[in-house]
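> Heads up, the sequence shown is in the numbering used here, so the first residue is 1 and it goes up one at a time. Quick reminder that beta carbons are idealized off the backbone N, C-alpha and C, glycines included. This structure is a prediction, so every number in the text was calculated from the model and none was measured.
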Amino acid sequence: MIPKFTTPRVGITQSKRSNSSLTIDGKIQGCNYIITLDTGASHSIFNSTIVKEKLDPLVGAWFRTATGDEAAIKDKIMRNISISDVSMKHEFLVADVMDEVILGDGFYGRARLRIRYEKASVTIR
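(1) Start and end of the alpha helix (DSSP H) containing G109?
(2) Per the DSSP calculation, E91 is bridged to which residue(s)?
(3) When the Cα atoms are used, what is the spatial distance from A71 to G106?
(4) Going by other Cβ atoms of all chains shown within 10 Å of its Cβ, with 16 needed for buried, is G104 buried or exposed?
(5) Within 10 angstroms of its Cβ, does C31 collect 16 or more other Cβ (buried), or is it exposed?
(6) Cβ of I102 within 7 Å of Cβ of T39?
(7) Where V59 and A120 are concerned, what is the direct C-alpha to C-alpha distance, given to the nearest angstrom?
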């Protein structure tokens with residue numbers, strides 16, 4: 001008999017905000033956050049209002065948001081992120097953004113994360 005292997009699956013929901021962002025529940029450093037999935041983002045971003053330690057500003061560093069606005073990058077941090085039963089260290093930019101946490105493209109490949117819109121689920125392999 002061949003054993004069946006299951007991969008963690010997490011439900012995705014439409015954001016409660018007025019936009020059409022897809023979100024999942026996750027933990028960063030053991031704290032619960034609503035995590036926005038942004039397949040168009042090149043980096044993952046952590047909201048600066050949540051970061052407790054003193055930031056070491058990156059002078060002149062900025063990025064363009066999905067709305068076309070420019071946002072200053074305040075720092076880069078490493079955090080433990082957990083989605084379902086998968087945990088890993090991941091680098092985040094720190095910036096003033098509306099979302100608590102945005103997961104960008106760099107995370108998806110490392111976590112082998114697959115978004116299935118038709119089933120409203122995220123599979124982590």
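To lay it out plainly:
(1) As a first step, residue 109 is located in the sequence shown; it is residue number 109 there, counting from the start. Where G109 is concerned, the enclosing alpha helix (DSSP H) stretches over 105-111.
(2) Here residue 91 refers to the residue found at position 91 when the sequence shown is read from its first residue. Beta-bridge analysis with DSSP links E91 to M78.
(3) Taking the sequence shown and counting its residues from 1, one reaches residue 71 at position 71. Taking the sequence shown and counting its residues from 1, one reaches residue 106 at position 106. G106 has its alpha-carbon roughly 19 Å from the corresponding atom of A71.
(4) As a working mapping, residue 104 is identified with position 104 in the sequence shown. Counting the other Cβ atoms within 10 Å of the Cβ of G104 gives 16 or more, which makes it buried.
(5) In the sequence shown, the residue the question calls residue 31 occupies position 31. So C31 counts as exposed.
(6) For the purposes of this step, residue 102 is taken as residue 102 along the sequence shown, with counting starting at 1. For the purposes of this step, residue 39 is taken as residue 39 along the sequence shown, with counting starting at 1. Result no, Cβ atoms of I102 and T39 do not sit closer than 7 Å.
(7) Residue 59 sits at position 59 when you count from the first residue of the sequence shown. Residue 120 sits at position 120 when you count from the first residue of the sequence shown. Take the alpha-carbon of V59 and the one of A120: they are about 40 Å apart.
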